[in-house]
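Structure, as structure tokens:
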Amino acid sequence: IKIKRSFVRMEVIKKESETSLKYHMFKRLNTGGEILSAQEIRNCTIRLLGAKGIDFLEECSKNTDFQSAVKRVAADKIRTRYDQELVLRFFAIKNDIDNYKYPVTEYLTRYLEKITEGKVIFDFDEEKKVFEKTFEFIKEYLGVEAFSGRTSSGTIRNEFVLYYFDGITVSIANLIGKITRCDCVQKVVETINEIKYGPELQSYKTGSINGVKTRIRLFTEGVEKVLDGR
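For the sequence shown, the residue numbers in this note's numbering are 613 to 842.
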């Protein structure tokens, strides 16, 4: 009886309906059934706005230097496209930190929407070059331990630490031109590790805007001092 008296709301989406309407409707519908990761949902829904952004993330995630750097991300997370989310996170925080909000899921989604629809300046070719140079440096000089912590005895943990990823990748990306031209690369690497394992960074492990900005600032200022010969 209850079923007979129930109302079912129907929304008709026609082929000629606006792309944005299709996108937001599909986004709302994709909340049941098997639980998907945030990036898996983006990969489905944002394609309704255009494929360029998603295809770009996928292409960058296949970069072998990047794959080496994030090798310690758990395999089950890689299966749910977490590597692509890390690529998105890199570009979003590098280019759009002022709009950062915690929790980051919607922030990342909005940024991908904006670059897909051309609502922000995003030079895909130039951004890819910066990405490749950044992770080439990380692979060569920091290795698979780039984003791993260590025990009190100094043993490197077999783990991936997200707050290291933010601070190290964005600071290197912002200075990559100077870094590749300098003759003090080893000192740059030593400084990154000193900051990474130093006491000051330990106070800024959260995903808050202050935590993210401070991590980037600490690494950036430290590397800049080396590059400037201070």
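Each residue gets a CB set at the ideal place from its N, CA and C atoms; glycine is no exception. Quantities reported herein were computed from a predicted structural model and do not represent experimental measurements.
Delimiting residues of the alpha helix (DSSP H) encompassing residue i
i, result
"G665", "664-673"
"Y723", "717-729"
"V797", "797-809"
"S783", "774-793"
"I750", "736-753"
"S844", "The structure shown does not extend to residue 844, since the chain is modelled only from 613 through 842, so no value can be given for it."
"T692", "Run containing T692: none; DSSP gives neither H nor E here."
"I653", "650-657"
CA nearest to the CA of residue i, picked from the options
i, options, result
"L698", "D688, P715, Y712, F678", "F678"
"D735", "V716, G766, P715, F703", "F703"
"L648", "R691, G789, S673, K825", "R691"
"L661", "F747, E836, Y723, A686", "Y723"
"V782", "E812, Y809, V797, T826", "T826"
"T767", "E757, Y775, V838, L774", "E757"
"N780", "D688, Y714, T717, Y809", "Rather than Asn, the amino acid found at residue 780 in this sequence is Ile. Selected option, being the one with the closest Cα: Y809."
"L787", "V824, D840, E802", "D840"
"K740", "V835, L669, K837", "L669"
"F749", "S820, S673, R793, G665", "R793"
"N770", "E812, S760, G730, D710", "S760"
"Q696", "Q651, Y753, G789, D710", "Q651"
Paired residues, beta bridge with residue i - DSSP
i, result
"R827", "Answer by DSSP bridge pairing: none, since R827 is not bridged."
"I768", "R762"
Euclidean distance between Cα positions of residue i and residue j
i, j, result
"E671", "V742", "14 Å"
"N822", "F772", "21 Å"
"Y712", "K706", "10 Å"
"C685", "E718", "A small fix is needed here, since residue 685 is Val in this sequence, not Cys. Going by the C-alpha atoms only, they are around 22 Å apart."
Residues near residue i by beta carbon distance below 7 Å, same chain, minus five either side
i, result
"F747", "N675, D677, F678, A681"
"T721", "R654"
Contacting residues, own chain, Cβ-Cβ under 8 Å from residue i (five flanking each side not counted)
i, result
"K817", "Y775, G823"
"V835", "S783, I784, L787, I791, V800, T803, I804"
Cβ-based neighbour list, residue i, same chain, cut-off 6 Å, excluding 5 preceding and 5 following
i, result
"V732", "K726"
"K751", "D677, S680, A681"
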